[in-house]
Amino acid sequence: MQDTQDHFLEDRSAITPPDNQPAKSTKTVGFALAAIGWILAMVTCFLPMWVVTTSSESTTSIGLWMVCVKQSTGQLNCQFGLPLMGPGSSKLKNVYFLTLCSIVMPLEMLTDYFRKSNGFIYITLCIRIKASKRNCIIMCGVCSIIAGIFLVIPVAEIAYIINYISKFYPTYDHYSGASIYIGFAAAALYGIGGVLLCCACRTEEGQ
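Positions 60 to 266 (this note's numbering) are the ones given, in order, by the sequence shown.
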């Protein structure tokens, strides 16, 4: 009798579905990368170092919401505003719009993940849509990829403008600030995290 029970248990263990640990690990890494990308996107948005202009008398750091001028004497003056929205810069409105969108979309994604909504995903416009857990993860991955695209567009545009100004207006030294490089890194993490989330779901489907 005991031998029969042992044989039955061995047969059941043989048909046990494979472990999903690799897929779970991939999802965890994907969400972690997307979360780090979101933090870096926040730093990119609020750090006033998109454009840096230097002269013999001062150094000016321009961000989306602030301008800081450091005099040669060491005095630092900062002023809030929309420095990239000055006269003749109406085309740069998309820089503000896309940068903010790149922060809002992953915020919804990360909120849904940590809330563990059990089959519901929340869209930016607060629309509640019933979906399977797998589709929720795929949606999170797609949102992360789109957020990376939204972020890389304004960052690349400002970098191109800085390069153009440096060539044709050499009176002042213009160069990309730390926010530009952080933005590129954040966009890359967004994309890699989103791809890993989508790949994790395909791995689970295959298993």
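Virtual Cβ for every residue (Gly too), placed ideally from N, Cα, C.
Could you say which of 235, 155, 92, 133 lies nearest to residue 112 if we only look at CA atoms?
The candidate whose alpha carbon is nearest that of residue 112 is 235.
Tell me whether residue 140 is buried or exposed, calling it buried when 16 or more other Cβ atoms sit within 10 Å of its Cβ.
Its Cβ having fewer than 16 others within 10 Å, residue 140 is exposed.
Where residue 85 sits in the DSSP three-state scheme
Residue 85: helix per DSSP, three-state reduction.
Considering only DSSP beta bridges, list what residue 227 is partnered with.
BP columns for residue 227 are empty, so no partner.
When you compare the CB positions of residue 210 and residue 92, do they come within less than 8 Å of one another, or not?
No, they are not a contact pair.
Who are the Cβ neighbours of residue 105 in its own chain at under 7 Å, not counting the five residues just before and after it?
These residues qualify, in order along the chain: 124.
Just the C-alpha distance for residue 131 and residue 120, rounded to the nearest angstrom, thanks.
One C-alpha to the other measures close to 14 Å.
Is DSSP giving residue 106 helix, strand or coil here?
When secondary structure is reduced to three states using DSSP, residue 106 falls in the coil class, being assigned neither helix nor strand.
Helix, strand or coil at residue 180 according to DSSP, with G and I counted as helix
Because residue 180 carries a pLDDT of 49, less than 50, the predicted location of this residue cannot be relied on, and the following value inherits that uncertainty. In the three-state scheme derived from DSSP, where H, G and I count as helix and E and B as strand, residue 180 is classed as strand.
Is it buried or exposed, residue 154, if we count other Cβ atoms within 10 angstroms and call 16 or more buried?
By the 10 Å Cβ count, residue 154 comes out buried.
Is the CB-CB distance between residue 259 and residue 96 below 8 Å?
Taking 8 Å as the Cβ cut-off, residue 259 and residue 96 do not qualify as a contacting pair.
First and last residue of the uninterrupted beta strand (DSSP E) at residue 57:
Nothing can be reported for residue 57, as the shown portion of the chain is limited to 60 through 266.
CA-to-CA distance, residue 118 to residue 135, given in whole angstroms:
Cα-Cα distance, rounded: 9 Å.
Between residue 204 and residue 250, which are expected to be in contact by the criterion C-beta below 8 Å, what is the C-beta distance as a whole number of angstroms?
Their Cβ separation, rounded to whole angstroms, is 6 Å, which keeps residue 204 and residue 250 in contact under 8 Å.
What is the rounded straight-line gap between the Cα of residue 197 and the Cα of residue 256?
Each residue's Cα considered, the two are about 6 Å apart.
Three-way DSSP call (helix, strand, coil) for residue 235 in this model
In this structure, residue 235 counts as strand in the three-state DSSP scheme.
Check the C-beta distance from residue 142 over to residue 127 and give it rounded, since I have them as a contact under 8 Å.
Beta-carbon to beta-carbon, residue 142 and residue 127 are separated by about 10 Å, too far to satisfy the 8 Å threshold.
What do you reckon, are the CB atoms on residue 241 and residue 87 nearer than 8 Å?
In this structure, residue 241 lies away from residue 87, with their beta-carbon atoms at least 8 Å apart.
Please determine, among 252, 101, 244, 237, the residue with the shortest C-alpha to C-alpha distance to residue 161.
For the set 252, 101, 244, 237, the Cα lying nearest the Cα of residue 161 is the one of 101.
Is the CB-CB distance between residue 206 and residue 99 below 8 Å?
No. Outside cutoff.
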